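This report concerns only the one structure given below.
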Amino acid sequence: MTTHAVRFEPLPPGRGTSLIGSLGAPDLAAAGYVEHEVRVSGTARSYTSATGGLPTDGRFELLQDRTAGFATRIVVRRPADPARCSGTLVLEWLNVSSGSDAAPSYGFLGAEIVRRGHVWVGVSAQSAGVETAPALVEVGGGGITLQGLRQADPERYGDLHHPGDAFAYDLFTAVARALGDGATGSPVEDLDVGRVLAVGESQSAYTLTTYANGVQPIELAVDGFLIHSRGGPAAPLDGPGGRIDLDGGRADPPVRIRGDLDVPVLVLETETDVLGHLDYLPARQSDTDRFRLWEVAGTAHADRSLIGDFESVLGCPEPVNRGQQRFVARAALRWLDAWAAEGPPAPAAERLAVLDDGGGPRYGLDDLGNVVGGVRTPCVDVPVDVLSGIAPPGANRVCQLFGRTVHVPAEELRARYASVDDYLARYTDATDAAIAAGFVLADDRDEVLADARTERITW
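Residue 636 in the working numbering sits at position 450 of the sequence shown, with consecutive numbering throughout.
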């Protein structure tokens, strides 16, 4: 276990906090929350593999290597009243795939975080969040250019410095341990934090896979992991120019989560992740007493709930996915929090139906075209749309992550539903079934019911 000396300092005013958010994020002031952004500095170590690679069973053996100083930033959203703090800190490895820091996990989880009184902290863990780097996914087909913090606002972030992604894993540990221990000068030092849950989506899910398999057994800094939308391989320990190169490692062998972790891990996958652009399927693994895999039917890697009307900026050939993964993600966090506190494990979930008749794997579909199996939500069990994580042919790279939504023809809906009341009754029953199964929270029932597409039933 490494000892980290971390310093927290205020940032100059500049233009304020720079962080790509989600239109679905809650109103912090209305929730009794405040936001702080601070500079965090210290020393981090890099790692090398003792075996020369990252074994597919996830049992990484890492050795500490070089040492370097860093100065990055964290964004903290916490209850204004310390008495409201739940004791859980949700630590998000911010996503840099667009070329700038984004918080997709908070976009999916924010409603659950604030109603429970959790603390959320977003960490600029990777180099591309601090220094401008080529985007892994270009927004709008390349029509929008995003920047790292130092270039986006030199006045506020100009004295940040990142030694490279080889040090990102230990940097994340340093922040986790300092905040979890209530370090003096930290923006949570007045809070009683008992658990640290690491969360990350997409590229950050790859890095958390590597962290869970290799760093957690050494540092023991995290009490549970929500790994959301990972692909088959794990992130490398380093990369060319000091930046992790997921594109270069896309064909690397699939890696599972190691089976001997003493903290719970919940992996949440969408249709896009399992068979689509990320190809998680070869890394699929069985549940254990410390591992759960939830594959969610009718969902895409990213969806309409995150971007709202900014959908038009993406330039996708068809409407993007309008599935209900946000409700499942919130339930996943609720279960993980209880599980990490020695409560019951998250429920086991059926896998998405995958068929292979010699032409390669494909999803098993129902009579309308929605995927069979997996975690079920009302919009796939009482459908008015075909909701897919697989984008139409010819979609650009960002649109490949957003899947699609195709309306079921009116004549088919007429054959399925006698009236809007019939549709709503079935939709309500499906909502209650998802709650009973543990994949949707009772706290979200009203929001799920409001998500019904009654406008599609006009008779």
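Every residue gets a Cβ at the ideal spot worked out from N, C-alpha and C, and that includes glycine.
Fair warning: this is a prediction, and the values are worked out from it, not measured in the lab.
CA-CA distance, Ala289 and Leu280? For the purposes of this step, residue 289 is identified with residue 103 of the sequence shown, where counting begins at 1. For the purposes of this step, residue 280 is identified with residue 94 of the sequence shown, where counting begins at 1. The straight-line gap from Cα to Cα measures roughly 5 angstroms.
Assign Leu447 to one of three DSSP states: helix, strand, or coil. Position 261 of the sequence shown, counted from the first residue, corresponds to residue 447. Coil at Leu447, not helix or strand.
Going by beta-carbon coordinates alone, are Thr456 and Gln510 separated by less than 8 angstroms? Within the sequence shown, numbered from 1, the residue matching residue 456 stands at position 270. Within the sequence shown, numbered from 1, the residue matching residue 510 stands at position 324. In this structure, Thr456 sits away from Gln510, with a CB-CB distance that is not shorter than 8 angstroms.
Can you tell me the Cα-Cα spacing of Ala391 and Ser605, whole angstroms? Taking the first residue of the sequence shown as 1, we reach residue 391 at position 205. Taking the first residue of the sequence shown as 1, we reach residue 605 at position 419. So the two alpha carbons sit approximately 43 angstroms from each other.
Identify every residue that forms a DSSP beta bridge with Phe194. Stepping through the sequence shown from its first residue, residue 194 is reached at position 8. Val226, per the DSSP bridge assignment.
Measuring alpha carbon to alpha carbon, tell me which residue in Val594, His593, Ala577 is nearest Gln586. Along the sequence shown, one-based indexing puts residue 586 at 400. Gln586 has its Cα closest to that of Ala577, out of Val594, His593, Ala577.
Residue(s) in a DSSP beta bridge with His347: Locating residue 347 in the sequence shown gives position 161, where the first residue counts as 1. Bridge partners of His347: Ala257.
Helix, strand or coil for Val570, going by three-state DSSP, please let me know. Here the question's residue 570 lines up with position 384 in the sequence shown. Of the three classes helix, strand and coil, the one that applies to Val570 here is coil, per DSSP.
Pairwise C-alpha distance: Ala217 and Arg301: Looking up residue 301 in the sequence shown gives position 115. Looking up residue 217 in the sequence shown gives position 31. Between Arg301 and Ala217, the C-alpha separation is close to 7 angstroms.
Would you check if the distance between the CB atom of Gly484 and the CB atom of Val557 is smaller than 8 angstroms? Counted from its first residue, the sequence shown places residue 484 at position 298. Counted from its first residue, the sequence shown places residue 557 at position 371. Remark: C-beta atoms of Gly484 and Val557 approach each other more closely than 8 angstroms.
Ordered along the chain, which non-local residues of its own chain (more than five positions away) have a Cβ less than 8 angstroms from that of Leu492? For the purposes of this step, residue 492 is identified with residue 306 of the sequence shown, where counting begins at 1. Only Ser208, Leu209, Gly210, Pro290, Gly293, Phe294 meet the Cβ criterion.
Got a sec, what are the start and stop residues for the alpha helix (DSSP H) Trp480 sits in? Stepping through the sequence shown from its first residue, residue 480 is reached at position 294. Unbroken run through Trp480 is the beta strand (DSSP E), 477-482; no alpha helix (DSSP H).
Let me confirm a value: Gly255 is counted as buried when at least 16 other C-beta atoms fall within 10 Å, else exposed. Which label applies? Start at 1 with the first residue of the sequence shown, and residue 255 comes out as number 69. If you draw a 10 Å sphere on the C-beta of Gly255, you find fewer than 16 other C-beta atoms in it, and that means exposed.
With 16 as the cutoff for other CB atoms within 10 Å, does Arg442 come out buried or exposed? Translated into positions along the sequence shown, residue 442 becomes position 256. With 16 or more Cβ atoms within 10 Å of its Cβ, Arg442 is classed as buried.
Using the C-alpha atoms, what's the distance from Pro564 back to Glu664? Nothing in the structure corresponds to residue 664, since the chain is present only between 187 and 645.
Short check: CB of Trp525 to CB of Pro533, under 8 angstroms? Reading the sequence shown from its first residue, position 339 is the one you call residue 525. Reading the sequence shown from its first residue, position 347 is the one you call residue 533. Result no, Cβ atoms of Trp525 and Pro533 do not sit closer than 8 angstroms.
What does Trp306 pair with, by DSSP beta-bridge criteria? As a first step, residue 306 is located in the sequence shown; it is residue number 120 there, counting from the start. DSSP lists Arg263, Val276 as the beta-bridge partner residues of Trp306.
Simplified DSSP assignment, three categories, for Ser232: One-based indexing of the sequence shown puts residue 232 at position 46. Ser232 falls in the strand class under three-state DSSP.
For Leu500 and Ala338, the rounded distance between their alpha carbons: Translated into the one-based positions of the sequence shown, residue 338 becomes position 152. Translated into the one-based positions of the sequence shown, residue 500 becomes position 314. Their backbone Cα atoms lie some 22 angstroms apart in a straight line.
Would you call the CB atoms of Val451 and Leu365 closer than 8 angstroms? Walking along the sequence shown from the start, residue 451 turns up at place 265. Walking along the sequence shown from the start, residue 365 turns up at place 179. Judged by beta-carbon spacing, Leu365 lies beyond the 8 angstroms limit of Val451, meaning their Cβ atoms are not closer than that value.
What does the alpha-carbon distance come out to for the pair Phe353 and Pro422? Here the question's residue 353 lines up with position 167 in the sequence shown. Here the question's residue 422 lines up with position 236 in the sequence shown. Rounded to the nearest angstrom, the gap between the Cα atoms of Phe353 and Pro422 is 12 angstroms.
Assuming Gly334 contacts Ser286 (C-beta within less than 8 angstroms), just tell me the rounded distance between them. As a first step, residue 334 is located in the sequence shown; it is residue number 148 there, counting from the start. As a first step, residue 286 is located in the sequence shown; it is residue number 100 there, counting from the start. 7 angstroms between Cβ atoms; contact.
Using DSSP with H/G/I as helix, E/B as strand and the rest coil, what is Ala288? For the purposes of this step, residue 288 is taken as residue 102 along the sequence shown, with counting starting at 1. Collapsing the DSSP output to three states places Ala288 in a strand.
Integer Cβ distance of Arg508 from Arg490, believed to fall under 8 angstroms: As a first step, residue 508 must be located in the sequence shown, where it is residue number 322. As a first step, residue 490 must be located in the sequence shown, where it is residue number 304. At roughly 5 angstroms, the Cβ-Cβ gap stays under 8 angstroms, so Arg508 and Arg490 are in contact.
Compare the Cα-Cα distances from Val449 to each of Gly425, Leu467, Asp475, Val192 and report the closest residue. What you label residue 449 is simply residue 263 of the sequence shown in a count that begins at 1. Ranking the options by Cα distance to Val449, first place goes to Asp475.
Val482 and Gln389 look like a contact to me (Cβ under 8 angstroms); what is the Cβ gap, rounded to whole Å? Locating residue 482 in the sequence shown gives position 296, counting from the first residue. Locating residue 389 in the sequence shown gives position 203, counting from the first residue. Between Val482 and Gln389 the beta-carbon gap is near 19 angstroms, outside 8 angstroms, which marks them as no contact.
Which of helix, strand or coil DSSP assigns to Gly328: The residue labelled residue 328 in the question sits at position 142 within the sequence shown. Low confidence applies to Gly328: its pLDDT is 49, below 50, so where it sits in the model is not reliable, and the reading given next is rough at best. Gly328 falls in the helix class under three-state DSSP.
C-alpha gap between Tyr397 and Arg602, whole angstroms: Residue numbering aside, residue 397 sits at position 211 when the sequence shown is read from its first letter. Residue numbering aside, residue 602 sits at position 416 when the sequence shown is read from its first letter. Cα atoms of Tyr397 and Arg602: separation of roughly 47 angstroms, rounded to the nearest angstrom.
With a threshold of 7 angstroms on Cβ separation, who are the neighbours of Gly417 within its own chain once the five nearest residues in sequence on each side are excluded? Indexing the sequence shown from 1 puts residue 417 at position 231. If we look at Gly417 and ignore the five residues flanking it on each side, its Cβ neighbours are Tyr392, Asp459, Leu464, Asp465, Tyr466.
To which residues of the same chain is Ala312 closer than 6 angstroms at the C-beta, ignoring the five residues directly before and after it? Mapped onto the sequence shown, residue 312 falls at position 126. The sequence shown places Gln at residue 312, rather than the Ala named in the question. When the five nearest sequence neighbours on each side are left out, the beta carbons in the same chain lying within less than 6 angstroms of the beta carbon of Gln312 are those of Val282, Asp351, Ala354, in order along the chain.
Cutoff 6 angstroms; reference Arg646; Cβ partners in own chain excluding five residues on either side: This structure cannot settle anything about residue 646, because the visible part of the chain is limited to 187 through 645.
Roughly how many whole angstroms lie between the Cα atoms of Ala384 and Gly545? On the sequence shown, residue 384 is found 198 positions in, with the first residue counted as 1. On the sequence shown, residue 545 is found 359 positions in, with the first residue counted as 1. If you draw a straight line from the Cα of Ala384 to the Cα of Gly545, it comes to about 38 angstroms.
Using the DSSP secondary-structure output, state which residues sit across from His414 in a beta bridge. The residue given as residue 414 occupies position 228 in the sequence shown. Within the DSSP bridge table, the entry for His414 names Glu387, Leu454 as partners.
Contact check, Val572 vs Val592, beta carbons under 8 angstroms: What you label residue 572 is simply residue 386 of the sequence shown in a count that begins at 1. What you label residue 592 is simply residue 406 of the sequence shown in a count that begins at 1. It is a contact, given that the beta carbons lie within the stated cut-off.
Relative to the C-alpha of Leu412, which candidate in Asp367, Ser232, Leu248, Glu278 has its C-alpha closest? Within the sequence shown, residue 412 is the residue found at index 226, counting from 1. Ranked by how close their Cα comes to the Cα of Leu412, the residues Asp367, Ser232, Leu248, Glu278 have Glu278 in first place.
With a threshold of 8 angstroms on Cβ separation, who are the neighbours of Pro199 within its own chain once the five nearest residues in sequence on each side are excluded? Here residue 199 refers to the residue found at position 13 when the sequence shown is read from its first residue. Correct list, in chain order: Glu341, Arg342.
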